[in-house]
Structures are given as structure tokens and as C-alpha cells.
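Let me begin by presenting the structure, written as C-alpha cells, before commenting on it.
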Amino acid sequence: MSDTTSSSVKRSSPRHELNFGEAWDYAPAPESAKVTIEPRYGHFINGKFTKAGKTFPTINPATEETLSEVALGNTRDVGRAVAAAKEALPKWSRLKPTERAKYIFRIARRIQERARELAILETKDGGKPIKESRDVDIPLVAQHFFYHAGWADKLHYAFPGHGRGDIQPVGVCGQIIPWNFPLLMAAWKIAPALACGNTVVLKPAETTPLTALRLAEILEEIELPPGVVNIITGAGDTGAALAKHPDINKLAFTGSTEVGKILARTAAERGDGIRLTLELGGKSPNIIFDDASIDQAVEGIISGIYFNQGHVCCAGSRLFVQEGIVDEVVEKLRIRMQSLRVGDPLDKNTDVGAINSGEQLTRINDYIRIAQDEGAELHEPQASSNGLPSKGFFCRPCFFTGVQQSHRIAQEEVFGPVLAVQTFRTPEEALKRANNTPYGLAAGVWSDKGSKIFEIATKLKAGVVWCNTYNKFDAASPFGGFKESGFGREGGIQGLRGYVRL
Ligand code: NAP
Ligand code: MG
303 MSDTTSSSVK
313 RSSPRHELNF
323 GEAWDYAPAP
333 ESAKVTIEPR
343 YGHFINGKFT
353 KAGKTFPTIN
363 PATEETLSEV
373 ALGNTRDVGR
383 AVAAAKEALP
393 KWSRLKPTER
403 AKYIFRIARR
413 IQERARELAI
423 LETKDGGKPI
433 KESRDVDIPL
443 VAQHFFYHAG
453 WADKLHYAFP
463 GHGRGDIQPV
473 GVCGQIIPWN
483 FPLLMAAWKI
493 APALACGNTV
503 VLKPAETTPL
513 TALRLAEILE
523 EIELPPGVVN
533 IITGAGDTGA
543 ALAKHPDINK
553 LAFTGSTEVG
563 KILARTAAER
573 GDGIRLTLEL
583 GGKSPNIIFD
593 DASIDQAVEG
603 IISGIYFNQG
613 HVCCAGSRLF
623 VQEGIVDEVV
633 EKLRIRMQSL
643 RVGDPLDKNT
653 DVGAINSGEQ
663 LTRINDYIRI
673 AQDEGAELHE
683 PQASSNGLPS
693 KGFFCRPCFF
703 TGVQQSHRIA
713 QEEVFGPVLA
723 VQTFRTPEEA
733 LKRANNTPYG
743 LAAGVWSDKG
753 SKIFEIATKL
763 KAGVVWCNTY
773 NKFDAASPFG
783 GFKESGFGRE
793 GGIQGLRGYV
803 RL
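Here the sequence shown stands for residues 303 to 804, numbered as in the working numbering.
Listed below in C-alpha cells is the structure:
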């Protein structure tokens with residue numbers, strides 16, 4: 303266990319529990335599990351771990367301690383992984399679908415069995431609060447594999463008019479994922495690919511490789527045929543080498559819009575019709591009408607922006623409040639924000655854990671300064687009620703009022719616990735301003751009137767619209783963006799489309 307203590311974090315009362323997701327029955331008490339982390343890890347290629355060779359450190363952002371040294375993938379490593387995936391493809395894709403389903407089902411079961419350990423590892427490597435890893439991330443990871451195990455022998459129902467023989471896998475899939483939901487993003491990518499008969503080379507993010515490597519151990523344990531899933535650790539260059547490899551047939555990317563645009567150019571330059579899906583950034587609006595239940599909305603606003611320290615692509619980072627209720631909402635928000643416990647991510651009472659890296663903390667602090675320079679008013683918890691640990695990368699949750707549409711805080715993705723509050727008078731004005739960014743990933747609408755909600759929800763340019771709630775996820779529900787938030791969908795029947803040729 304980490305030696306950071308929660309004693310340095312002052313607690314306020316009354317105690318509030320954030321309700322970010324459905325706690326599954328089997329969610330264990332991960333604080334008590336022992337987790338072994340090897341000092342060095344190689345890549346997982348063709349069913350085996352390689353020697354580590356040249357490495358880079360992955361740290362615990364709450365303590366700044368090195369957890370392990372992890373192999374730094376180069377073009378040759380990528381080549382070996384792609385070759386293994388290519389060799390495994392014919393057998394895996396021709397396996398009876400019920401057999402493929404069994405393997406995926408076994409992965410799901412093993413994830414449940416090792417849930418404690420996976421939750422701790424996710425929290426140590428990435429900094430998110432243990433109650434989120436334990437109650438949200440890892441249960442959703444298991445759910446994603448269970449859900450897709452179910453599809454493997456039913457694909458002909460997903461694509462009406464197509465017989466079994468008309469549904470072919472795309473081939474070798476290169477998959478690149480970010481650091482905010484490391485194992486969950488791996489599950490979003492790997493599970494549908496396997497269900498549809500593809501093979502995979504996955505590259506986790508530089509700061510959070512450990513749970514993907516633990517997943518590799520699980521794949522060994524359940525005896526997934528060698529080469530079906532390969533995991534290459536490394537930095538941006540490793541991802542770039544994977545994207546350029548001529549033998550990948552599909553590239554699935556989740557990350558920043560900036561890198562997504564680079565990969566779109568790579569795909570175009572290849573000129574070989576490689577399949578591409580991009581899940582990119584967001585600046586999602588959360589719109590509160592004056593007939594909404596304000597207490598309920600405040601909980602949704604809090605979870606919308608402070609869940610996972612705001613490292614969430616669909617974070618409700620722009621709040622639009624109807625003018626008549628703005629004073630009440632801001633006051634309640636201020637009180638509620640004050641009650642959030644910032645600190646040791648391994649403490650089960652922590653609401654806001656560590657920022658994923660020093661680089662990300664600098665970026666967030668820069669945005670806080672820019673917003674103040676542009677004239678917005680900063681609201682943050684009083685230091686006495688929410689002191690920060692002396693080591694590690696921490697940031698107190700905050701919000702800004704007096705935000706103008708032209709302010710950078712209203713347009714650009716901060717990817718931290720920073721909320722921009724604006725007001726509106728009419729639904730038309732709310733809609734116009736909500737849609738006025740380059741992004742279109744998600745949105746929230748809060749009102750007592752169903753007709754008003756549906757009217758605005760259908761006009762919002764967002765892939766997901768939550769009504770009187772926020773940040774609810776389900777493997778059966780497609781997720782993905784409009785505009786610069788990307789294209790393609792993950793999850794649900796729609797997510798299978800990215801992994802088949804009809
Ligand atoms: P990022 O910098 O774009 O990195 C994402 C992944 O791409 C990492 O594995 C990264 O490796 C790799 N990469 C970096 N440069 C590359 C290149 N030139 N070619 C190929 N791969 C490259 O994003 P991030 O900072 O990890 O994640 C935050 C972003 O992800 C945010 O914008 C967030 O909104 C977005 N996101 C979107 C969704 C969604 O579903 N729409 C979900 C989660 C996150 P390194 O880690 O080694 O740099
Ligand atoms: Mg780390």
C-alpha cells in the first residue's frame with residue numbers, strides 16, 4: 303500500500319458520498335488486497351512477455367515514486383507484435399464463434415476475480431480515487447467483456463440481412479488509448495475486436511501501462527491463443543509506429559483531438575483504405591433550466607466535472623444555468639465543492655485524487671491563470687478545509703463565474719477539475735451557446751419537463767445527451783462524438799460496426 307496518508311487531508315462535515323456509478327454487488331474492498339508490481343516489464347507479444355530492454359519509468363502521481371520500469375517500444379517491437387497478430391488472425395477469425403465467446407467470457411470472469419488488485423493498480427498508476435476504480439472502472443471493464451462475449455455468436459442479429467458468412471473481421475487492429483480510464487479504454491477496444499474475430503496490437507498511454515500489462519497476465523491465464531492480443535508499451539513514437547505499420551487493417555484511437563488529427567493524416571497518407579475510428583476531446587455543456595430539481599442538478603454538476611479529477615473526455619466542463627436560479631446554484635455548488643475530499647487516492651473516502659502527471663497539473667494551473675487574466679472570477683475551496691498533500695500532483699476542484707463565450711476556459715479542453723459557469727435566458731440561447739465549440743462529445747440537460755428536454759436534446763450536437771443525470775455508462779450504449787470529438791462509435795451494436803466488413 304502507498305505510504306501517503308489521509309491524515310494530511312483535513313475533512314469537512316457533513317460527509318457526502320459522490321455517486322458516480324452503480325456499485326456492483328461484488329465490488330470488493332480493494333484497500334486490503336496486496337498487489338505485486340514487478341520492477342520491470344517487457345511487452346506482451348505472441349502470448350509471452352519479452353525481455354524489457356530499453357525502459358521508461360511509470361510513477362504513482364500521488365507520491366511521485368517510481369512503480370516500475372516498462373519497455374519502451376520501438377519500430378521493431380511494433381513489427382514483431384503486428385506479425386504475431388497477423389499470424390494469429392486466420393485461426394482466430396475462423397474459430398467457432400461460440401469458442402471465441404468462451405475466451406472473452408473467461409477474461410470477464412478473471413477480471414471480476416482479480417478486481418481488487420486491478421482497482422489498486424489502476425489507482426496507484428494513474429491517481430484516480432480508489433472508490434472510482436473499485437466501483438466504476440473495473441466493474442465496467444468486466445461488463446464490457448461480458449457484453450461482447452454475448453455478441454460473438456450473434457453478429458448476424460446485429461447486421462440484419464447479412465448471413466453469418468457475410469460478416470468478416472476487419473483484420474489486425476492497432477489500438478491506441480489514453481491515461482484517464484486505462485483498463486476501461488483497453489476493454490472498449492479489445493472486447494469488440496475479439497468478438498468480431500479480429501486480432502489486436504494495443505498501446506496503452508505512457509503514464510498508465512500497468513493495468514494493460516496485468517490484463518496480459520489474465521490473457522495468459524485463460525490461455526488465449528498466442529498473438530490474438532499483443533500489448534506494446536511506450537510513448538507517442540511507439541503509437542506513431544503502430545499507426546504507420548502497413549499490416550494493420552484498422553486503427554482505433556482514443557485521445558486528444560491534436561493527435562487524432564495527426565492519425566487522420568497518417569491514415570490518408572497510407573492510401574490503403576485503413577479503417578479508422580477516433581474518440582477525441584470534448585468541452586461538454588451541462589444545461590440547467592429553472593424548473594429542474596436544483597439539489598439533484600448540483601450533484602450532477604459535481605460528478606460531471608470533478609469525477610476522475612475532470613480527466614474525462616465527456617466532462618461537463620461548461621455549465622449553463624438559467625438566469626433566475628444562478629445565485630442558488632452557484633451557492634449550492636460552492637458548498638458542495640467545499641465538502642469534496644482531495645488527497646490520497648488509496649483512501650476510500652477520497653473524492654478527488656491525484657492529477658495524472660506533473661505535465662497535466664501544469665496545464666491545468668495554466669488554464670486557471672489564463673481564466674483569471676481574461677477576467678473570470680475564481681471560486682475554490684478554502685485551503686483550511688481542503689489542504690493538499692505535500693507530495694504528488696494535486697489540484698483543488700474549482701469553478702469560474704463571469705465567463706464569456708470568447709474566454710479560452712469556455713472553448714478549450716482543460717481536462718482537469720475546472721468548471722466554467724455561464725448563464726442563459728431562453729432555451730434557444732442555451733442551445734446556441736452549448737453548440738458553439740469545435741467539440742461535440744456529450745451534454746447534460748436538467749429540467750422537470752420531458753418535452754423541453756427532448757426538444758433540446760435532439761438539437762444538441764453531441765454524441766451522448768444525459769437527461770437529469772450525468773456520466774452514466776453502459777456497454778450496450780454507443781459512445782462517440784460529433785465534430786472535432788471524432789467519429790465512429792464504441793459500445794452497443796453500433797460499436798461492432800467498426801470491427802466488421804460486411
Ligand atoms: P494523447 O496525448 O492524444 O495520447 C493518447 C494516446 O496516443 C497515448 O497512448 C499516447 O501515447 C499516444 N500518442 C501520442 N502521440 C501520438 C502520435 N503522434 N501517434 C500515435 N500515438 C500517439 O491524449 P491523452 O493526453 O493520453 O488523453 C487525453 C485526451 O483523450 C483528452 O483530449 C480526452 O478528451 C481524450 N479522450 C477521449 C475519449 C473519448 O472517448 N472520446 C475518452 C478518453 C479520453 P503517450 O501516452 O505515450 O503520449
Ligand atoms: Mg503512472
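Virtual Cβ for every residue (Gly too), placed ideally from N, Cα, C.
Model, not experiment: these values are computed from the prediction.
Beta-bridge pairing by DSSP links Cys-700 to Val-720.
Linking Lys-388 to Glu-571 through their CA atoms gives a straight-line distance of about 22 Å.
Less than 8 Å divides the Cβ of Arg-402 from the Cβ of Leu-496.
The three-state secondary structure of Leu-578, taken from DSSP, is strand. Taking C-beta atoms under 8 Å as the contact rule, Ala-507 and Pro-548 fail to qualify, at a distance of about 24 Å.
Here Asp-629 is not near Arg-643, since their CB atoms are 8 Å or more apart. Residue range 587–590 is occupied by the beta strand (DSSP E) that includes Pro-587, with no alpha helix (DSSP H) assigned at that position. If you check the CB distance, Lys-693 and Glu-424 do not come in under 8 Å. Its chain contains Ile-520, Glu-523 and Ile-524 as the residues whose beta carbon lies nearer than 7 Å to that of Arg-412, once the 5 sequence neighbours on both sides are disregarded; these appear in chain order. Per the coordinates, the alpha-carbon of Gly-465 lies some 17 Å from the alpha-carbon of Val-472. The C-alpha of Thr-739 is placed about 23 Å away from the C-alpha of Asn-610. For Ile-347, the secondary structure class from DSSP, reduced to helix, strand or coil, is strand. Rounded to whole angstroms, the Cβ separation of Trp-748 and Phe-591 is 6 Å, and the two are in contact under 8 Å. Distances from the alpha-carbon of Lys-356 to those of Gly-344, Val-600, Arg-803 and Tyr-449 put Gly-344 closest. Counting only the Cα atoms, Phe-702 lies some 5 Å from Leu-680. In this structure, the beta-carbon distance from Lys-650 to Ile-432 falls below 8 Å. Judged by beta-carbon spacing, Leu-512 lies within the 8 Å limit of Thr-360, meaning their Cβ atoms are closer than that value. Arg-516: member of the alpha helix (DSSP H) spanning 512–523, first to last residue. If you draw a straight line from the Cα of Leu-663 to the Cα of Phe-695, it is about 7 Å long.
Note on geometry: alpha-carbon atoms of Lys-785 and Ile-409 lie some 34 Å from one another. The C-beta of Gln-624 has 16 or more other C-beta atoms within 10 Å across all chains shown, which makes the residue buried. Taken atom to atom, the span from the alpha-carbon of Lys-398 to that of Asp-455 is near 8 Å. The C-beta separation of Cys-615 from Gly-584 comes to about 5 Å, placing the pair in contact by the 8 Å criterion. For Thr-360, the CB falls within less than 7 Å of some heavy atom of the ligand MG.
Going by DSSP, Ser-395 is part of the alpha helix (DSSP H) stretching over 377–396. Straight-line spacing of the CA atoms in Ala-518 and His-613 works out to 25 Å. Taking 3 residues as the minimum length, the beta strand (DSSP E) runs contained wholly in the stretch 610–649 are 620–624, in order along the chain. Shown here for Ile-604: same chain residues with a beta carbon closer than 8 Å to its own, the five before and five after excluded, namely Leu-320, Leu-635, Arg-638, Met-639 and Leu-642 in chain order. Beta-bridge pairing by DSSP links Asn-362 to Glu-367.
Counting only the Cα atoms, Ala-759 lies some 27 Å from Asn-482. Following the DSSP letters along the chain, one finds Leu-680 inside the beta strand (DSSP E) bounded by residues 679–681.
In the DSSP assignment, Ile-432 is bridged to no other residue. Between the alpha carbons of Asp-468 and Arg-803 lies a gap of roughly 8 Å. With a cutoff of 8 Å on beta-carbon distance, Asn-773 and Gly-606 are scored as near each other. Note on geometry: alpha-carbon atoms of Asn-500 and Leu-743 lie some 27 Å from one another.
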